[in-house]
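Read the structure below first, then the notes.
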Amino acid sequence: MTLTIATWNINSVRLREPTVLRFLAEHGPDVLCLQETKSPDAVFPHDGFEGAGYVHRVVRGEKGYNGVAILSRVPMLPVAHHDFCGRGDCRHIAAQVDGITVHNFYVPAGGDVPDREKNEKFGHKLDFLAEMRDWFGGGDAPAGPSILVGDLNIAPQEHDVWSHKQLLKVVSHTPIEVEALEAVRASRDWVDVARHFIPLEEKAYSWWSYRSKDWSAADKGRRLDHIWVTPDLRERLSGYDMHRDVRGWEKPSDHAPVVVTLGTT
DNA sequence: ATGGTTGGGGTCCAA
4 MTLTIATWNI NSVRLREPTV LRFLAEHGPD VLCLQETKSP DAVFPHDGFE GAGYVHRVVR
64 GEKGYNGVAI LSRVPMLPVA HHDFCGRGDC RHIAAQVDGI TVHNFYVPAG GDVPDREKNE
124 KFGHKLDFLA EMRDWFGGGD APAGPSILVG DLNIAPQEHD VWSHKQLLKV VSHTPIEVEA
184 LEAVRASRDW VDVARHFIPL EEKAYSWWSY RSKDWSAADK GRRLDHIWVT PDLRERLSGY
244 DMHRDVRGWE KPSDHAPVVV TLGTT
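According to our numbering, the first sequence is numbered sequentially starting from 4.
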């Protein structure tokens, strides 16, 4: 069987529910991982997704900030989440689908100043990444075939941003963040699915700021949203799509959904 | 070097 898994920072699931439903209707991934749902669990908009056939759902939200959820139309079992940095933030949730553990992450954005001495949020981001590295590198994370998706808030490669030179000191593309993300990737030898399919010298973005009159023409994007798989799934990788057009829908999120397709073994 | 927009909750914070 094939399995399609999508990830999307939705920037308020309640405001964007119709947008998510449209995406599900048009593209129908088996599994959709959402970040920045900004919705407490008690008021998560379950009914619409239930009606669309996504009858399996795990959600972890809080009021106003953060929030992650996984919707699935195929059987899914919850997996214990981990509270990175011990703050009680809703930035990680996990579930098992078809024998594969799916980790859905919302990594802290890190504020504006890339210096942990001057900006606590940047320190939080680096600490969060270090804990991800240690958690996956140690014995506590679930073993076996795994997929890690989410808004990792870092664009690691030169062509993951519109201008490598101009963004070297901008949070999301600084060398210290890129190094920290690479350490997470190396912790389980994760495969970056986007770059498995797209040559390193080709620009690839999943996010465009709201603060631009014409985001598409300016095209000052960054690839902040990622899909990684453990090496045992590499042979099943059969497709990858970045749905840039969705960024142009009415009342859009500033992130576009990205999707991986796994083929039969 | 600056300002630009959006969302949530409530008159400001995070992205």
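Beta carbons are placed, not taken as given, at the ideal position from N, Cα and C, and that holds for glycine.
Determine the DSSP secondary structure at residue i, reduced to helix, strand or coil.
i	result
P269	Outside the displayed span of the chain (4 to 268) sits residue 269, for which this structure offers no information.
T264	strand
I13	coil
T104	strand
T40	coil
P21	helix
R237	helix
A45	helix
A28	helix
S219	helix
G114	coil
H85	coil
D33	coil
D244	strand
Look up residue i in the DSSP assignment and give the residues it is bridged to.
i	result
L227	According to DSSP, which records beta bridges pairwise, L227 is partnered with nothing at all.
W210	R225 and H258
L6	L265
What are the boundary residues of the alpha helix (DSSP H) that includes residue i?
i	result
L170	H167 to L170
D50	H49 to G54
Can you name the start and end residues of the beta strand (DSSP E) that residue i belongs to?
i	result
H59	H59 to R63
V71	V71 to S75
Practice problem: State whether the stretch 148-164 contacts the stretch 114-127, with contact taken as three or more CB pairs (one from each stretch) at a distance under 8 Å. | Solution: no
Self-check item: Segments of 4+ residues assigned as alpha helix (DSSP H) that fall wholly inside the stretch 130-200
Solution: 167-170, 178-190 and 196-200
Quiz item: Is the stretch 206-222 in contact with the stretch 142-151, if contact means three or more CB pairs nearer than 8 Å?
Solution: no
Quiz prompt | Given 8 Å, three or more beta-carbon pairs between the stretch 76-83 and the stretch 40-50 | solution = no
Quiz item: Are the stretch 170-178 and the stretch 238-257 in contact at 8 Å, needing three or more beta carbon pairs?
Solution: no
Quiz item: With a cut-off of 8 Å, do at least 3 Cβ pairs link the stretch 22-35 to the stretch 62-69?
Solution: no
Quiz item: Using 8 Å as the threshold, is the stretch 254-261 in touch with the stretch 13-21, meaning 3 or more CB pairs across them?
Solution: yes
Quiz item: Using 8 Å as the threshold, is the stretch 223-236 in touch with the stretch 192-208, meaning 3 or more CB pairs across them?
Solution: yes
Self-check item: Cβ pair count under 8 Å reaching 3, the stretch 83-101 against the stretch 112-119
Solution: no
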